[in-house]
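**Q**
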Amino acid sequence: RTYQTSRLFDSLSVIDNVLIALRRGKLGAASFFASQHDEASTAVAEGLLAFVGYRGATTCPPGRWRTLTSGWSRSRALAVRPAILALDEPAAGLDAADTALIDKVLRELAAIGIAIILVEHDMELVMGVSSRVIVLDAGAKIAEGAPHEIAASPAVREAYLGAGGPAERGRQRTLPARDAPLLTVRSLSAGYGAATVVRDAALEVGDGELVAVLGANGAGKTTLLRALSGLIRPMAGEVRFLGWRIDQLAGDRIAREGLILVPEGRQVFPDLSVIDNLRLGAYARGSDDATRRIEALLERFAALKARRHQRAGLLSGGEQQMLAIARGLMARPEVLMLDEPSLGLAPKLLEVLYDLLAELRGEGTTILLVDQMATLALSVADRAYVLQSGTIKHSGSAREVAGDPALMRAYLGDHGTAL
Numbered sequence: 011r012t013y014q015t016s017r018l019f020d021s022l023s024v025i026d027n028v029l030i031a032l033r034r035g036k037l038g039a040a041s042f043f044a045s046q047h048d049e050a051s052t053a054v055a056e057g058l059l060a061f062v063g064y065r066g067a068t069t070c071p072p073g074r075w076r077t078l079t080s081g082w083s084r085s086r087a088l089a090v091r092p093a094i095l096a097l098d099e100p101a102a103g104l105d106a107a108d109t110a111l112i113d114k115v116l117r118e119l120a121a122i123g124i125a126i127i128l129v130e131h132d133m134e135l136v137m138g139v140s141s142r143v144i145v146l147d148a149g150a151k152i153a154e155g156a157p158h159e160i161a162a163s164p165a166v167r168e169a170y171l172g173a174g175g176p177a178e179r180g181r182q183r184t185l186p187a188r189d190a191p192l193l194t195v196r197s198l199s200a201g202y203g204a205a206t207v208v209r210d211a212a213l214e215v216g217d218g219e220l221v222a223v224l225g226a227n228g229a230g231k232t233t234l235l236r237a238l239s240g241l242i243r244p245m246a247g248e249v250r251f252l253g254w255r256i257d258q259l260a261g262d263r264i265a266r267e268g269l270i271l272v273p274e275g276r277q278v279f280p281d282l283s284v285i286d287n288l289r290l291g292a293y294a295r296g297s298d299d300a301t302r303r304i305e306a307l308l309e310r311f312a313a314l315k316a317r318r319h320q321r322a323g324l325l326s327g328g329e330q331q332m333l334a335i336a337r338g339l340m341a342r343p344e345v346l347m348l349d350e351p352s353l354g355l356a357p358k359l360l361e362v363l364y365d366l367l368a369e370l371r372g373e374g375t376t377i378l379l380v381d382q383m384a385t386l387a388l389s390v391a392d393r394a395y396v397l398q399s400g401t402i403k404h405s406g407s408a409r410e411v412a413g414d415p416a417l418m419r420a421y422l423g424d425h426g427t428a429l
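When we follow our numbering, the leftmost residue of the sequence shown carries the number 11, and every step to the right adds one.
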């Protein structure tokens with residue numbers, strides 16, 4: 011017996027949606043609501059809403075309570091008396107208190123005999139409530155077992171953190187003391203619609219630093235960069251860049267000021283040539299020496315030089331990533347923000363990419379790096395922040411973060427810290 015909780019009846023109230031679920035979605039006669047609003051049925055529906063922690067009004071349409079914080083959609087799923095309950099990211103956008111409520115509800119459902127299939131990015135929740143975990147990487151199963159077995163799996167650790175130990179990419183000399191940071195973030199919250207993904211974030215990036223933001227898939231890393239770059243408007247907090255507040259500026263204005271984002275997935279212009287992609291990189295901030303800069307970048311990126319007139323969509327994944335970074339550098343960034351540059355790259359290309367980042371860092375380029383591959387990111391970072399479920403849990407030097415249990419906990423929950 012299965013039920014799809016995403017099928018909303020937006021014109022009906024929350025209580026009516028649950029009452030429909032009690033009938034397994036069958037509306038029946040026109041007198042349905044009159045017949046269903048009897049004392050017994052209403053009591054059952056209200057009991058289910060209370061059980062899953064619903065705190066909103068029951069007489070308003072569910073469109074006003076779309077976020078899973080309200081819990082009404084979970085109660086509707088339970089109303090059909092499922093034998094198996096499949097949940098897709100139930101903790102997405104929830105704060106710690108609401109995630110704890112999800113944990114409690116899942117444990118109680120399992121205790122009364124309902125089988126649960128949970129798809130979830132919050133590994134602390136997953137590892138805490140699950141009796142068995144299946145780990146997928148790029149669509150392929152890489153591990154299966156009890157939570158403690160998953161936390162100990164080399165394949166899982168490699169998929170989440172990267173392979174091996176940190177390479178020797180550390181600075182040869184300590185960064186000199188700087189004045190005020192180029193980028194300062196205070197109490198930043200951001201998300202989509204009513205769902206808050208990043209909560210109360212605070213970080214700084216100094217001139218010439220390479221700062222990494224680490225965290226598992228779904229931790230809020232991309233949302234953080236989108237808020238900093240103006241692609242989404244922050245819900246709260248303050249972002250200062252070069253001493254000026256930018257959190258209310260449009261994305262194009264922020265780019266013109268020199269805060270440049272290289273987005274996740276490269277997002278090159280596939281039908282344009284390599285050179286034309288690079289020219290577009292110089293557009294936002296203007297450049298009288300664009301041709302010279304293009305030639306200099308092509309000398310640095312030899313693979314791109316050989317394909318300078320080729321359409322970008324025909325490049326390999328690694329070549330497209332290099333093109334995206336080169337396009338970002340064409341804008342003469344004050345701070346270059348990189349979102350998951352390792353995504354989809356083969357191991358050899360990852361090493362080439364991070365050697366390049368070490369070179370850029372050594373030349374004084376200021377970089378804010380977001381990457382799931384913690385081992386690689388820490389090999390080039392001066393400092394790092396650990397993001398878990400939208401909240402920064404730890405920060406410090408790359409060496410301090412690499413040795414802190416908070417890093418493993420962010421990826422694999424508490425089970426990962428005891429090993």
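Think of the CB as a built atom: it goes at the ideal place given N, C-alpha and C, for glycine as much as any other residue.
All figures in this text were calculated on a predicted structure; none of them were measured in a lab.
1) From LEU220 to TYR364, what does the alpha carbon distance come to, in whole angstroms?
2) I'd like the ranges of any alpha helix (DSSP H) spanning at least 4 consecutive residues and lying wholly in the stretch 188 to 242.
3) Along the chain, which unbroken stretches of the alpha helix (DSSP H) at least 4 residues long are found entirely within the stretch 125 to 189?
4) CB LEU355 to CB GLN320, shorter than 8 Å?
5) Rounded to a whole number of angstroms, what is the C-alpha to C-alpha distance between ASP108 and ASP299?
6) At 3 residues or longer, what runs of the beta strand (DSSP E) sit wholly inside the stretch 256 to 282?
7) With respect to the beta strand (DSSP E) encompassing GLN320, which residues constitute its N-terminal and C-terminal limits?
8) Closest to GLN382 by CA distance: which of ASP392, THR376, LEU397, GLU369 is it?
9) In this structure, does DSSP put LEU22 in helix, strand or coil?
10) What did DSSP end up calling SER51 once you bin it into helix, strand or coil?
11) DSSP has ARG250 in a bridge; who is on the other side?
12) DSSP three-state call for ARG289: helix, strand or coil?
13) Just checking my contact of GLY423 with VAL129 at CB under 8 Å: how many whole Å lie between their CB atoms?
14) Between the stretch 402 to 417 and the stretch 303 to 310, do at least 3 Cβ pairs fall closer than 8 Å?
15) From the DSSP output, in three-state form, read off GLN382 for me.
16) With the cut-off set at 8 Å, would you say LEU2 and VAL215 are in Cβ contact?
17) Spatial neighbours of LEU146 within its chain, please: C-beta separation below 8 Å, excluding the five flanking residues on both sides.
18) Which stretch, first to last residue, makes up the beta strand (DSSP E) that contains TYR395?
19) List the endpoints of the continuous beta strand (DSSP E) containing VAL345.
20) Run the CB neighbour count on TYR421, radius 10 Å, all protein chains shown included, and call it buried at 16 or more, exposed below.
21) Thinking C-beta only, is ALA205 closer than 8 Å to SER399?
**A** On the basis of the data shown:
1) 12 Å
2) 231 to 239
3) 133 to 139, 157 to 162, 164 to 171
4) no
5) 54 Å
6) 269 to 272
7) From DSSP, GLN320 is part of no beta strand (DSSP E); its letter is neither H nor E.
8) LEU397
9) coil
10) helix
11) THR194, ARG255
12) helix
13) So it is not a contact: roughly 16 Å between Cβ atoms.
14) no
15) coil
16) Outside the modelled stretch of the chain, which goes from 11 to 429, sits residue 2, for which no answer is possible.
17) ILE152
18) 393 to 398
19) 345 to 349
20) buried
21) no
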